[in-house]
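Heads up: the protein sequence lines correspond to chains C and X, in order. By this note's numbering, the letter at position 85 of the first sequence is numbered 85, and the numbering carries on one by one without gaps. Position in the second sequence (first residue = 1) + 117 = this note's numbering. C-beta: ideal position from N, C-alpha, C; glycine also. Since the model is a prediction, treat every value here as computed from it, not as a measurement.
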Amino acid sequence: GAGVSQSPSNKVTEKGKDVELRCDPISGHTALYWYRQSLGQGLEFLIYFQGNSAPDKSGLPSDRFSAERTGGSVSTLTIQRTQQEDSAVYLCASSLSRGNPYNSPLHFGNGTRLTVT
Amino acid sequence: GENVEQHPSTLSVQEGDSAVIKCTYSDSASNYFPWYKQELGKGPQLIIDIRSNVGEKKDQRIAVTLNKTAKHFSLHITETQPEDSAVYFCAAKGGNNRLAFGKGNQVVVIP
C-alpha cells in the first residue's frame with residue numbers, strides 16, 4: 001500500500017521567505033510526527049500529533065516553526081522567515097496508535113530537503 | 118530526557134563479514150529500542166526492534182541484543198551484502214515517551 005508521502009521532495013528558498021512542507025500519512029494512522037535531520041546529525045524531534053489531542057510542540061526550535069494537521073490526516077509544517085540554519089531534511093512519520101504510540105513502529109516518508117540560500 | 122549515543126560513526130566491512138553497531142542510552146526507564154536503516158535519498162525504515170523484557174531478537178541476518186544493566190544495545194548484521202550499505206540509526210523510548218535517536222552510523226560493505 002501507499003506509504004507516507006511528503007512534498008516537495010526538494011525546496012530551495014531565500015533567507016527570510018516562508019515555506020510550507022506537506023505530509024500525507026498512511027491511511028488510518030492516527031499518530032503523526034515531524035523530525036529534522038541535519039547533515040551528520042540524528043533525527044531531531046519537532047512535533048507530534050495524536051488524533052484530536054493537543055499536539056506535543058515541545059521540539060519546535062523557535063516560534064518561526066509551526067505545524068497543523070487538518071482532519072486528522074494531512075499535515076503541513078510551516079517555517080516563517082527562514083534562516084540558513086533551517087537548511088535540513090524534514091522527515092514526517094506516522095504510526096498506528098495502540099495505547100502508547102511510541103511503541104508503535106514509525107513509518108517515515110522520504111523527507112523534504114530544504115535549502116535556505 | 119533520553120540521550121542516545123551511537124558508535125562507531127563509520128564502519129567498513131568486507132562483504133560476507135559481520136558488522137556490529139553499538140548504542141548506549143541514559144534513561145533507565147527506557148523500554149523500547151528500534152533500529153532504522155536509511156538509504157540515500159530515502160526516509161529511515163524500521164528493520165528490527167526490541168523491548169526491554171527481551172535480551173535478544175533475531176530476524177534472518179540481523180539481530181539485536183540488549184543489556185539493561187549496562188544500558189546498551191547492539192545491532193548485529195551477519196554475512197553482510199552490498200545492499201546492507203546504508204546509515205543505521207538506533208533509538209530509545211525514554212520515560213518521557215519520546216523516541217530519541219542516535220546520530221547514525223554509516224556502514225559500507227566492500228565487495
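By the 10 Å Cβ neighbour count, where 16 or more other Cβ atoms means buried, how is residue i classified, buried or exposed?
i	result
Arg-36/C	buried
Ser-202/X	buried
His-107/C	buried
Gln-156/C	The structure shown does not extend to residue 156/C, since chain C is modelled only from 1 through 117, so no value can be given for it.
Ile-227/X	exposed
Ala-67/C	buried
Lys-210/X	buried
Please list the partners that residue i has in chain C, where partner means a Cβ-to-Cβ separation under 8 Å.
i	result
Pro-151/X	Pro-105, Leu-106
Asp-166/X	Pro-105
Phe-206/X	Gly-42, Leu-43
Leu-163/X	Pro-105, Leu-106, His-107
So which residues on chain X does residue i lean against when the C-beta distance must stay under 7 Å?
i	result
Asn-10/C	Near Asn-10/C there are no residues of chain X at all, since even the closest Cβ is about 10 Å away, more than 7 Å.
Gly-109/C	Gly-160
Counting only beta-carbon separations shorter than 8 Å, does residue i have a partner in chain C?
i	result
Gly-221/X	yes
Phe-218/X	yes
Look up residue i in the DSSP assignment and say whether it is helix, strand or coil.
i	result
Pro-161/X	coil
Glu-122/X	strand
Tyr-102/C	Any reading at Tyr-102/C needs caution, since the residue's pLDDT is 49, under 50, leaving its predicted position unreliable; the model's value is listed next. The answer is helix: DSSP assigns Tyr-102/C an H, G or I state.
Pro-199/X	helix
Asp-56/C	strand
Thr-117/C	coil
Glu-20/C	strand
Counting only beta-carbon separations shorter than 8 Å, does residue i have a partner in chain X?
i	result
Leu-91/C	yes
Phe-65/C	no
Can you pull the chain C neighbours of residue i, defined as C-beta to C-beta under 9 Å?
i	result
Arg-215/X	Phe-45, Tyr-48, Asp-56, Ser-58, Gly-59, Tyr-102
For the ligand FAD, is there a heavy atom less than 7 Å away from the beta-carbon of residue i?
i	result
Gly-212/X	Among the ligands in the structure shown, none appear at all, so the ligand FAD cannot be discussed.
Give the list of continuous alpha helix (DSSP H) stretches no shorter than 4 residues that lie fully inside the stretch 160-194 of chain X. none
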